[in-house]
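Notes for the one structure printed next.
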Amino acid sequence: MNTLVAFFEKLGGEMLQRAYEHVYLVFLAMVIAIAIALPLGIYLTRSRWPKLASAVMGAAGIVQTVPSLALIAFIVLIFALAALPTIGTLPALVALVLYALLPILRNTYTSIRQVDPSVIEVATGMGMKPHQILFSIELPLSLPVIMAGIRISTVWTIGIATLCGLIGAGGLGDLIIKGLRSIQMDYLLAGTAPAAALALIFDWILSGLEKWLTPEGLRKNGGSKTAGA
Amino acid sequence: MIVFENVSKTFQEEVEAVCDLSMEVKDGETLVLLGTSGSGKTTTMKMVNRLIEPTDGRILVDQVDVAQQDPIRLRRNIGYAIQHIGLFPHMTVGENIAVVPKLLDWKKQTIGERVDKLLTMVGLQPDQFRDRFPVQLSGGQRQRVGVARALAADPPIVLMDEPFGALDPITREELQNEFIELESELKKTIIFVTHDVFEAVRMADRIALLDAGHLQQLAAPAELVEKPANEFVDQFLGQHRFQLSLLTRTVKTVLGEVAATAGEDKPAARDARLHAADSLIEALDTFKRTKESVLPVYERDKFLGNLEKNQLLDIITRVLGETEED
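Those protein sequences? They're chains U and H, same order as listed.
Oh and the first sequence: position 138 is 138 in the working numbering, straight run, nothing missing.
Oh and the second sequence: position 48 is 1048 in the working numbering, straight run, nothing missing.
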């Protein structure tokens, strides 16, 4: 018990500070990733060139296959060549956004594509305009799957964001690296435990949101179609 | 009135779905487009509300070329119901029916009243069904909602693409009969697509039989069955000829043939009666159900004569003989 009190006295303040940085970084990355992936995914379902969709999806998939550590290293190198700042929030954010894109993009694209064509046809036949079909038919029907993509993306990003400590972007990774360099278990734990807790908490909150946003008529059907990833 | 003028549709410059089709659909009539898959019946229907644009020719709705009209406005004035229902699964029954009225900016209260009226019309209790979701309905109930939705904004024209196709035979016949009754009150101009020749004969004022994009015959059901225009029509009806004849011949025509014995009697004093417009199958059903041997035939409230069960059976046997000769 005393050790726990001592632990929090020593590291509690820094843990809170780092956790705040961590959440801030993840939040920013997710907002940007959603702002890119959602419209892009919608656009791809409407594109006249079906090959464009597979190309974009393929590119996002390749990014995902690069180990996260390597991706961060690449971005730092590219930033260095482009004379951009190689430490701090900016390169970290770029790496996180690139990583977060795919699940959202793929779930947006496939879920809209999977909307029953007869539903779209009847909506068209009833005289709905394309934007009305998108907003009142396709998006509500796809929302559970899109939300699943955002949830998966967020949980990954929380984990990957610990690596951003390497390039001075702050966050819980800072504590982990400190612990590694100085061989101190308490620092290591002070970084790892909150990161795991954050991942669980966000998973829980976002699955709640996912259920809440699922249209009632679909919920009774047994919930969302596919959970993604 | 809907007029097809030399309408053709070619897909991808090679597949000819509809070829030089000319015909008229009269106001208030139910025209059934009948054919196998690939006959061009659905394509023909979808060209009316411009879900498909013709390659050649034109289609006039009330003398105006549909190609000259804004497709969105055109579609909002044409009811549309399809197989596989196409109900929006995330909307309640009420919301589904309200889609077109909402698009047309009806007042909220008017929409509510209209939804309840339509639900009642298709045999669903508004209070019970208005707020349900499509997944909570049976197949038959969904199709009823589909029909109600197509009629929502009271369009003069309704397009129906196998609306009862996905149902079991009993529910299908039930819905067909209810729809025939409904239609006789509403007097809509209906284009109805089906591959089921029995459904066509039951529903149609006239049937347009299509094959590989070509119109083979356009005629009233009885004429189509009794006087096939060519070999294809003959073959299409094929082994169903006997049953179809029993469906298209009415008690009234039969009564003429047996009038010598039946015409001058007083009405056989029975609870049950036959209607002049009943088909022979319906008449047979009535005999079976009532276990009577003689039944009076009425046209509205006018007594036409009595028909004996044996006479009916004789005629049916004769029809069987006629259709087997072919």
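In this text, a Cβ means the ideal position worked out from N, Cα and C, and glycines have one as well.
The DSSP-derived three-state label of M15 (chain U) is helix.
In summary, the residues of the segment 90–120 of chain U whose CB is separated from some CB of chain H by less than 7 Å are S118 and V119, in the order they occur in the chain. Beta-bridge pairing by DSSP links T1030 (chain H) to H:I1190. By the Cβ-count criterion, H131 (chain U) is exposed, with fewer than 16 other Cβ atoms from all chains shown falling within 10 Å of its own Cβ. The beta carbon of T65 (chain U) sits no closer than 9 Å to any beta carbon of chain H. Within the same chain, V76, F79 and A80 come within 6 Å of T86 (chain U) by CB-CB distance, once the 5 residues on both sides are set aside. Taking the beta carbon of H1090 (chain H) as reference, the chain U residues within 7 Å of it are P140, L141, P215, G217 and L218, listed in sequence order. Not a single C-beta of chain H is nearer than 9 Å to the C-beta of M147 (chain U).
Excluding residues up to 5 positions away in sequence, T45, E138 and S142 lie with their Cβ nearer than 6 Å to the Cβ of I112 (chain U) in the same chain. Taking 9 Å as the CB threshold, L1167 (chain H) stays off the interface with chain U.
From the beta-carbon of T124 (chain U), the residues of chain H found nearer than 7 Å are L1051. Cα atoms of E1308 (chain H) and I1157 (chain H): separation of roughly 42 Å, rounded to the nearest angstrom. Counting along the chain, no beta strand (DSSP E) covers L1074 (chain H); the unbroken alpha helix (DSSP H) around it starts and ends at P1071 to R1076. Taking C-beta separations shorter than 6 Å and ignoring five residues to either side along the sequence, the partners of A1277 (chain H) in its chain run T1250, following chain order. When rounded, the separation of the alpha-carbon atoms in I150 (chain U) and V63 (chain U) is 17 Å. G1305 (chain H) sits in a strand when the DSSP states are folded into three classes.
Legend: CB atoms of the segment 1065–1079 of chain H lying less than 9 Å from CB atoms of chain U belong to residues P1071, I1072, R1073, L1074, R1075, R1076, N1077, I1078 and G1079. With respect to chain H, the C-beta atom of G127 (chain U) has a partner C-beta closer than 9 Å.
Think of a sphere of 7 Å around the beta carbon of P1134 (chain H): the chain U residues whose beta carbon falls inside it are G217, in chain order. Per the DSSP secondary-structure output, R1206 (chain H) pairs in a beta bridge with H:L1031. Counted as a single uninterrupted DSSP element, the alpha helix (DSSP H) harbouring T154 (chain U) occupies residues L139 to I160. Residue contact check for Q17 (chain U) against chain H: no CB pair falls below 9 Å. With a 10 Å radius around the Cβ and a threshold of 16 neighbouring Cβ atoms, P91 (chain U) comes out buried. For the segment 49–136 of chain U, the full-length alpha helix (DSSP H) segments reaching 4 residues or more read 50–65, 68–81, 89–113, 117–125 and 130–133 along the chain.
Taking a Cβ-Cβ threshold of 7 Å, the residues of chain H close to I137 (chain U) are F1088, in chain order. Neighbourhood of I1157 (chain H) in chain U, by CB distance below 7 Å: empty, with the nearest CB roughly 12 Å away.
With its beta carbon at least 9 Å from every one in chain U, V1115 (chain H) lies outside the interface. Counting other Cβ atoms within 10 Å of its Cβ, F1236 (chain H) reaches 16 or more and is therefore classed as buried. DSSP places P1221 (chain H) in the helix class (H, G or I) of the three-state scheme. Here the alpha carbons of D1211 (chain H) and T110 (chain U) stand approximately 37 Å from one another. Beta-bridge partners assigned by DSSP to S1008 (chain H): H:D1056. From the beta-carbon of V1122 (chain H), no residue of chain U is found nearer than 9 Å; the closest lies around 17 Å away. Going by DSSP, A1017 (chain H) is part of the beta strand (DSSP E) stretching over V1015 to V1025. Straight-line spacing of the CA atoms in I36 (chain U) and V23 (chain U) works out to 20 Å. Using a 10 angstroms sphere on the CB of V94 (chain U), the tally of other CB atoms reaches 16 or more, which defines it as buried. Between L1246 (chain H) and L1284 (chain H), the C-beta gap is smaller than 9 Å, which places the two residues in contact.
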